[in-house]
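Working notes for the structure below.
There are 2 protein chains.
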Amino acid sequence: MVGEAVEKGATLADVAERAGVSPSTVSRTLRGLSTVSPQTRARVEKAARELSFAISRSASSLVTGRTGRVAVLVPNLDSWFLGAALAGLAPALNAAGLDMLVYSVTTAEQRAEFFDRLPARRNADALLVVSFALSPRERARLDDLGMPLVFVSQHEQGRAGVYVDDVEAARRGTRYLLNLGHRRIAYLEPADPSGFAWSSRARLDGYREALAEAGVDRDDELVRRVADWQGPSLDAAVGRLLSLAEPPTAVFAETDDIAFRLLTVLRGVNVPVPARMSVLGFDGHAMAEPWDLSTLAQPARRLGEAAAELARQVIQDPATHGERHVVLPVELVPRGSTGPAPGSRDEGDKGEEDVRNGG
Amino acid sequence: MVGEAVEKGATLADVAERAGVSPSTVSRTLRGLSTVSPQTRARVEKAARELSFAISRSASSLVTGRTGRVAVLVPNLDSWFLGAALAGLAPALNAAGLDMLVYSVTTAEQRAEFFDRLPARRNADALLVVSFALSPRERARLDDLGMPLVFVSQHEQGRAGVYVDDVEAARRGTRYLLNLGHRRIAYLEPADPSGFAWSSRARLDGYREALAEAGVDRDDELVRRVADWQGPSLDAAVGRLLSLAEPPTAVFAETDDIAFRLLTVLRGVNVPVPARMSVLGFDGHAMAEPWDLSTLAQPARRLGEAAAELARQVIQDPATHGERHVVLPVELVPRGSTGPAPGSRDEGDKGEEDVRNGG
DNA sequence: CTGCCCTATGACAGCGCTGTCACGCTAGGG
DNA sequence: CCCTAGCGTGACAGCGCTGTCATAGGGCAG
Chain A
1475 MVGEAVEKGA TLADVAERAG VSPSTVSRTL RGLSTVSPQT RARVEKAARE LSFAISRSAS
1535 SLVTGRTGRV AVLVPNLDSW FLGAALAGLA PALNAAGLDM LVYSVTTAEQ RAEFFDRLPA
1595 RRNADALLVV SFALSPRERA RLDDLGMPLV FVSQHEQGRA GVYVDDVEAA RRGTRYLLNL
1655 GHRRIAYLEP ADPSGFAWSS RARLDGYREA LAEAGVDRDD ELVRRVADWQ GPSLDAAVGR
1715 LLSLAEPPTA VFAETDDIAF RLLTVLRGVN VPVPARMSVL GFDGHAMAEP WDLSTLAQPA
1775 RRLGEAAAEL ARQVIQDPAT HGERHVVLPV ELVPRGSTGP APGSRDEGDK GEEDVRNGG
Chain B
1475 MVGEAVEKGA TLADVAERAG VSPSTVSRTL RGLSTVSPQT RARVEKAARE LSFAISRSAS
1535 SLVTGRTGRV AVLVPNLDSW FLGAALAGLA PALNAAGLDM LVYSVTTAEQ RAEFFDRLPA
1595 RRNADALLVV SFALSPRERA RLDDLGMPLV FVSQHEQGRA GVYVDDVEAA RRGTRYLLNL
1655 GHRRIAYLEP ADPSGFAWSS RARLDGYREA LAEAGVDRDD ELVRRVADWQ GPSLDAAVGR
1715 LLSLAEPPTA VFAETDDIAF RLLTVLRGVN VPVPARMSVL GFDGHAMAEP WDLSTLAQPA
1775 RRLGEAAAEL ARQVIQDPAT HGERHVVLPV ELVPRGSTGP APGSRDEGDK GEEDVRNGG
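Sequence lines, in order, name chains A and B. Just add 1474 to wherever you are in the first sequence, counting from 1, and you've got the working numbering. Just add 1474 to wherever you are in the second sequence, counting from 1, and you've got the working numbering.
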């Protein structure tokens, strides 16, 4: 297609020579700037195409101070939520002419390394902090950077950010369970021993508020902390809940991941869902639908897209840092894992009847 | 912590001035080069720290021709496999002092844009192509680039790559089902209408080879193509399989995603797994364990890690491009979704007995 | 004591762009 | 017919580093 094999990449000067114009003109043309005559423009573009010319961002950056890159700091890369958020973010950034630099900081070592070397500094125009629990010290360090920050799926006072209203969403989810007749509603929250993932107490707060509104007594026995991915911890929690004098008829899981495991454990001990136990998740995980899990769906992709837009704005006008906040809606998606509380409709509530099934 | 607020980022010259040495010396020190006296080194490092100095890669790149960046081309970002692969890749690259630039190219438009503008060109030291089906034209364009290429989870003649032996793995999985007494083994392959995801016929080939080895007649009625994430298509395929004169007793799904949906569909129509139908997946998806899905586990993270190492090598010595191939092992992980074929042990095989259960 | 080598450091050009300024040329009014 | 605008283009410096070459100074052998 092209013809000549281009060894190390043509320079702007090469294009200029081929087009018979000055480098300045090539630069203007390629940036769509100022007034360039149609003929010149055509010749330059032809030459550029023929040489497979791609501009060196390094050189431009050096002059303009802009890198055309956005750094993204994430606590991991293999969770559904982050994947979805990045899936929204990446194309949106590209569309704005920005490249995406990803820093996955998972271990303490990587963490120290990142904040020590600050690789993003001067090598990106903005830093997006996604679901990443910063220590005060780290926050201060980033603040010193003088680099525009955007917080994604988390919020910080006076900083640009995009996130959902966790309190309201959890309140809504809990009300939904209450409306189904449930009064004993457990809450499973993920343990975060490493302290990497950003999490407010927001969802738990919403849960408690909804219960209080409904006049249901608070019972901290029903709130249990479990490991996200590890089995035993969740088994134990379920055992505890089921052995209470007055066991719950519904469980609100802070994340879908926990809900999934919960479903598995419940199936293992032959507790039918939702007949004897309703399960409500939070996230809108891609697997929620096939699993028939009721959930509070976060618009993960749209969080990413909104983040890209914020990044663009904040780069363009760094002064508006703190004024830009986007709150996205959470959607309650009722599915088969939630149903009326035993006794509230036509359900039996003897509790100890045989529930063994074939699966 | 630092004191002075650094507005636009200190330069190497600022550090030099503060340390009372020349820029050259600062450069040498920071790169750990050549001989710098311990005292000088200490003073320079102190000054750099005090100024929150971070080197401008743009400037270095301009001189050295190296960007310290690796571009990664992926067909999406929200699949489990790619997330896991990137989760392995990112830290490994960072450890090698490389930053990771991610291009998620999902739509035809993005695709044209990427290959037209070639953003990776001259802005990265290598391009990793991950599970991305390149058109011949695109391949040619990349070849013209003169940029080191590494193929991940796919292979190309004479190009560096890291992948698993799909044929052998599928053969092994199929043999496992055969050894459980299954003779009628269906195969579900994902439709890829957009043609984005790279996929050889390798797994299907391995499946067929194993059947042939075992002297089982090939029956293309048992091979069905389904959409990965979409329900109806899979429902229809299951319907077809179950309505065959001699229905299968096992299904080999080309990906775990398909297997998950298959499990849901089977539960919906009250076909007990594995009593009446064994299900075997492929991928080693994080959800496979909680779902109790037998699968052929790919070392996704290690693919990423190996890719980082290949990238490093290929950047260091571009001449060795084609010689570097890494083949990683696939592990058969038997779980509860596979069991002996009906009739081969102590199972009934009447087929129409009541299989309804409570779930 | 002299000369040489080696170590530690500095000077300087230049990487590939962009932004500023200057300049030539054409068109239109006085 | 000359002067002034304004458009299209070129010249040139300089962004912040690195690599090369030059050089000062100290130690050691002769």
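For every residue, glycine included, the Cβ atom is placed at its ideal position computed from N, Cα and C. Values in this document were obtained by computation on a predicted structure and should not be read as measured data.
- As DSSP reads the structure, Thr1769 of chain B sits in a beta bridge with B:Gly1755, B:Val1807.
- In the structure shown, the three-state DSSP call for Pro1722 of chain A is coil.
- A contact is defined here as three or more CB-CB pairs under 8 Å, and the stretch 1748-1763 of chain A fails this definition with respect to the stretch 1687-1702 of chain A.
- A straight line joining the alpha-carbon of Ala1686 of chain A with that of Glu1630 of chain A spans about 28 Å.
- Judged by beta-carbon spacing, Val1576 of chain B lies within the 8 Å limit of Met1574 of chain A, meaning their Cβ atoms are closer than that value.
- Cβ neighbours of Ala1724 of chain A within its own chain (closer than 6 Å, five residues either side excluded): Leu1651, His1656, Ile1659, Ser1752.
- Out of A:Pro1497, A:Ala1733, A:Pro1664, A:Pro1610, the CA that lies nearest to the CA of Ala1521 of chain A is found in A:Pro1497.
- For Asp1679 of chain A, the enclosing alpha helix (DSSP H) covers residues 1676-1687.
- Residues of the stretch 1610-1633 of chain B that bring their beta carbon within less than 8 Å of a beta carbon in chain A comprise Arg1611, Ala1614, Arg1615, Asp1618, Leu1619, Gly1620, in sequence order.
- The secondary-structure analysis by DSSP pairs Glu1663 of chain A across a beta bridge with A:Arg1699.
- A distance below 6 Å between beta-carbons, with the five flanking residues on each side excluded, links Gly1635 of chain A to the following residues of its chain, in chain order: Phe1625, His1629, His1799.
- Here Ala1570 of chain B really is in contact with Ala1782 of chain B; their C-beta atoms are around 6 Å apart, less than 8 Å.
- According to DSSP, Ser1578 of chain A shares a beta bridge with A:Val1548.
- Interface residue (Cβ-Cβ distance to chain A less than 8 Å): Val1576 of chain B is classified as such.
- Any Cβ of chain B closer than 8 Å to the Cβ of Phe1670 of chain A would place that residue at the interface, and such an atom is absent.
- Phe1606 of chain A: not part of any alpha helix (DSSP H); DSSP gives it neither H nor E.
- Annotation: Arg1585 of chain B has no Cβ neighbours in chain A at a cutoff of 7 Å; minimum Cβ distance is about 11 Å.
- For Val1697 of chain B, the closest C-alpha among the options B:Ala1684, B:Gly1689, B:Ser1707, B:Ala1711 is that of B:Ala1711.
- As computed with DSSP, Phe1734 of chain A is found in no beta bridge at all.
- Per the Cβ contact rule, the stretch 1603-1614 of chain A is in contact with the stretch 1548-1565 of chain A (3 or more Cβ pairs under 8 Å).
- Sorting A:Pro1610, A:Val1641, A:Leu1602 by C-alpha distance to the C-alpha of Leu1623 of chain A places A:Leu1602 at the top.
- Phe1734 of chain A sits close to Trp1765 of chain A, with the two beta carbons spaced by under 8 Å.
- Within the same chain, Ala1644, Thr1648, Tyr1661, Phe1726 come within 7 Å of Tyr1681 of chain B by CB-CB distance, once the 5 residues on both sides are set aside.
- Close to Met1751 of chain B, with beta-carbon spacing below 8 Å, lies no residue of chain A; the smallest spacing is near 13 Å.
- For Leu1662 of chain A, the nearest beta carbon of chain B is not closer than 8 Å to its own beta carbon.
- The C-beta of Leu1718 of chain B has fewer than 16 other C-beta atoms within 10 Å across all chains shown, which makes the residue exposed.
- In this structure, DSSP gives Ala1569 of chain B a helical state, which the three-state scheme calls helix.
- Per DSSP, reduced to three states, the secondary structure at Leu1784 of chain A is helical.
- Taking Leu1556 of chain B as reference, the option from B:Ser1534, B:Gly1539, B:Val1579 with the minimal CA-CA separation is B:Val1579.
- At least one beta carbon of chain A lies nearer than 8 Å to the beta carbon of Gly1557 of chain B.
- Residue contact with chain B for Asp1573 of chain A: present (Cβ-Cβ distance below 8 Å to some residue of chain B).
- The beta carbon of Val1700 of chain A sits closer than 7 Å to those of Leu1662, Pro1664, Ala1665, Ser1707, Leu1708, Ala1711, Ile1732, all from its chain and outside the five residues before and after it, given in chain order.
- In the DSSP assignment, Ala1634 of chain B falls outside any alpha helix (DSSP H) and within the unbroken beta strand (DSSP E) covering 1634-1638.
- Counting only Cβ-Cβ distances below 8 Å, Ala1564 of chain A has contacts in chain B at Leu1551, Val1576, Tyr1577, Ser1578, in chain order.
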